[in-house]
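J.: Position in the sequence shown (from 1) plus 2 gives the number in this note's numbering.
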Amino acid sequence: MKLLFDLFPVLLFFAAYKLADIYVATGTAIVASIAQILWLKLRARPVEGMQWAGLAIIVVFGGMTLLLHDETFIKWKPTVLYGLFAAVLLGGRVFFGRDLIKAVMGKQLTLPEPVWQRLGLAWMGFFVAMAVLNLLVAYRFSTDVWVNFKLFGTMGLTIAFVIAQALYLGRHVQEEP
Numbered sequence: 003m004k005l006l007f008d009l010f011p012v013l014l015f016f017a018a019y020k021l022a023d024i025y026v027a028t029g030t031a032i033v034a035s036i037a038q039i040l041w042l043k044l045r046a047r048p049v050e051g052m053q054w055a056g057l058a059i060i061v062v063f064g065g066m067t068l069l070l071h072d073e074t075f076i077k078w079k080p081t082v083l084y085g086l087f088a089a090v091l092l093g094g095r096v097f098f099g100r101d102l103i104k105a106v107m108g109k110q111l112t113l114p115e116p117v118w119q120r121l122g123l124a125w126m127g128f129f130v131a132m133a134v135l136n137l138l139v140a141y142r143f144s145t146d147v148w149v150n151f152k153l154f155g156t157m158g159l160t161i162a163f164v165i166a167q168a169l170y171l172g173r174h175v176q177e178e179p
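1) Taking Cβ to Cβ, would you say Ala124 is nearer than 8 Å to Gly85?
2) Less than 8 Å between the beta carbons of Ile217 and Ile32, yes or no?
3) Can you tell me which of the three DSSP states Ser144 falls into?
4) Measuring straight from C-alpha to C-alpha, what distance separates Leu44 and Pro11?
5) In three-state terms, what does DSSP make of Ala168?
6) Can you give me the Cβ contacts of Val149 inside the same chain, cut-off strictly under 7 Å, excluding the 5 residues immediately before and after it?
7) So, do the region 127-144 and the region 94-114 have three or more beta carbon pairs nearer to each other than 8 Å?
8) Starting from the C-beta of Glu73, find all residues in its chain whose C-beta is less than 7 Å away, skip the five residues before and the five after it, and write them out in chain order.
9) Secondary structure at Gly51, three-state DSSP: helix, strand or coil?
10) Does the Cβ-Cβ distance between His174 and Val117 come in under 8 Å?
11) So what's Pro116 in DSSP terms, helix, strand or just coil?
12) Select from Met52, Leu171, Gln38 the residue whose C-alpha is nearest the C-alpha of Gln119.
So this is what it looks like as structure tokens:
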């Protein structure tokens, strides 16, 4: 359910693009992202820091797309978001000595410390790779291909990464004493 909730703006962006154009899709994504945060607030649910960051990025980059009538800005949005994710993971480790992946998943999994470190590095690498890949698709292919990649390509790559990660972690999970 959370996955569908998180994908809500992307799905609406995709549908609006297919029915209209990149500018209608961008406006739809902005409205959907705002509605998503409002829904959480109205239901007295917590809004995570990354959800606020995602909202700010879509409003800024989407707003620039609409204001300047230039689709380049909305195409940069995923790269900025992935870069932010990687930077937060790196910053947590370098500046605060905290492994944020372990902080999030540590209650569900017991892993040796070197595995947590590799997992954090893998997620940082994944986010950097996705940021670069988004730019490659945005600049080397049509907007239509980029929109399809934004939904299907990124989702497929993320699912494949999570499955690979689960297979790797399965060998290292320690039983609780």
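The beta-carbon is built from N, C-alpha and C at its ideal position, and this holds for glycine as well.
T.: The answer reads as follows:
1) no
2) There is no way to answer for residue 217, as the model of the chain reaches only from 3 to 179.
3) coil
4) 18 Å
5) helix
6) Phe16, Tyr19
7) no
8) Ile24, Thr67, Thr145
9) helix
10) yes
11) helix
12) Leu171
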